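Residue numbers (mature numbering (1 follows the signal peptide of the UniProt record, and there is no 0)): -28 to -1, 1 to 186. The beta carbon of each residue, even a glycine, is placed where N, CA and C say it ideally should be. Being a predicted model, the structure only gives us computed values, none of them experimental. Read the structure below first, then the notes.
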Amino acid sequence: MKNSVRIVALQALLMAVVISLAMDSINAALINIRSQCSETISACATCNICGGQVNCYALAPNNGFQVIDVGPTWPGGVIWGYPGGSANPTDGNNAKPQADLVEMTIGADGEDYYEISTVNGYNLPLLIGPTTIAPPGQRQGLECGTAICSISNIDSFCQSPNYLTGPVGYGCYNVDGAGPVATPGTEQFANACPDANQVYTCPTGSNYEVVFCP
């Protein structure tokens, strides 16, 4: 009798593990990082709250891509890029302060949060949006919407007090950063990229794409 009870308990535990693994698999987010740029770029990704390890990938011109599986939770995720194919984490870290960023939190109480941030600056055109939407999500405004920040000529865009940086990011540095009020520096970015610095939400279990030079 005791053996039968043990067997039933083990079966129940095994079933719970299987269900948990299945739910994690269902809710895991896939992010397709893609480049439509005319030259090779490097795309980098890190999770600030998961240890901060930076992984970089060289993306070939005209639809080079890298798919990353960030699992059912990815708190403080960041994706950015820089010109050239070095795909070196040190280069990536040095480029980050010069770049516009995709910032994501996956799996926060059943919701994902994402935005394009120009608080640091801007270097490459960037898009973020869902490719598949988990129920009950729908594309409507900031719910499961697509954000884009695309500036055609960074040289003419980047005016004082902001300034152009050099290698490795080749960006326009936002001197005012995340100031609490509008300033000449932040207004340049706000006018050029009205989708930026707005937080979008979508149900956990959705998948996403990040596109450079969309």
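DSSP beta-bridge partners of residue i
| i | result |
| --- | --- |
| Gln112 | Glu115 |
| Glu159 | Answer is none; Glu159 lacks a bridge partner. |
| Asn179 | Thr104 |
| Leu136 | Cys144 |
| Leu73 | Ser89 |
Buried versus exposed, by CB contacts within 10 Å (16 or more), residue i
| i | result |
| --- | --- |
| Ser128 | exposed |
| Gln110 | exposed |
| Asp167 | buried |
| Asn169 | buried |
| Val153 | exposed |
| Gly64 | buried |
Proximal residues to residue i (C-beta, below 7 Å), its chain only, five neighbours per side dropped
| i | result |
| --- | --- |
| Val183 | Arg6, Gln8, Leu99 |
| Ala(-7) | Summary for Ala(-7): the model assigns pLDDT 38, below 50, so the residue's position carries little reliability; its value from the coordinates is reported in the next sentence. Nothing listed; no residue qualifies. |
| Cys185 | Ser7, Gln8, Cys9, Leu96, Pro97 |
| Ala164 | Ile123, Phe129 |
Inter-residue spacing [alpha-carbon to alpha-carbon] between residue i and residue j
| i | j | result |
| --- | --- | --- |
| Asn179 | Ser124 | 28 Å |
| Asn35 | Val91 | 27 Å |
| Tyr94 | Ala71 | 5 Å |
| Asn66 | Ser14 | 13 Å |
| Ala59 | Pro33 | 14 Å |
| Asn149 | Ser89 | For the sequence presented, residue 149 should be read as Gly rather than Asn. Near 10 Å, if we compare the C-alpha coordinates of Ser89 and Gly149. |
| Asn27 | Ala17 | 5 Å |
| Ile51 | Val42 | 12 Å |
| Lys68 | Val74 | 11 Å |
Sequence-distant residues of its chain with Cβ nearer than 6 Å to residue i (five each side left out)
| i | result |
| --- | --- |
| Pro44 | Asp(-5), Asn(-2), Ala(-1), Gly79 |
| Thr137 | Gln70, Gly143, Tyr145 |
| Ile126 | Cys144 |
Cβ neighbours of residue i in the same chain (closer than 8 Å, five flanking residues each side left out)
| i | result |
| --- | --- |
| Val147 | Pro133, Asn134, Tyr135, Gly157 |
| Ile105 | Arg111, Cys116, Cys174, Pro175, Ser178 |
| Thr77 | Trp46, Pro47, Gly48, Gly49, Asp84, Tyr85, Tyr86 |
| Phe37 | Asn4, Ile5, Arg6, Ser7, Leu31 |
Are the region 139 to 156 and the region 55 to 72 touching, with three or more C-beta to C-beta distances below 8 Å? yes
Could you check whether the region 69 to 84 touches the region 170 to 185, counting it as contact only if at least three pairs of C-beta atoms, one from each stretch, sit closer than 8 Å? yes
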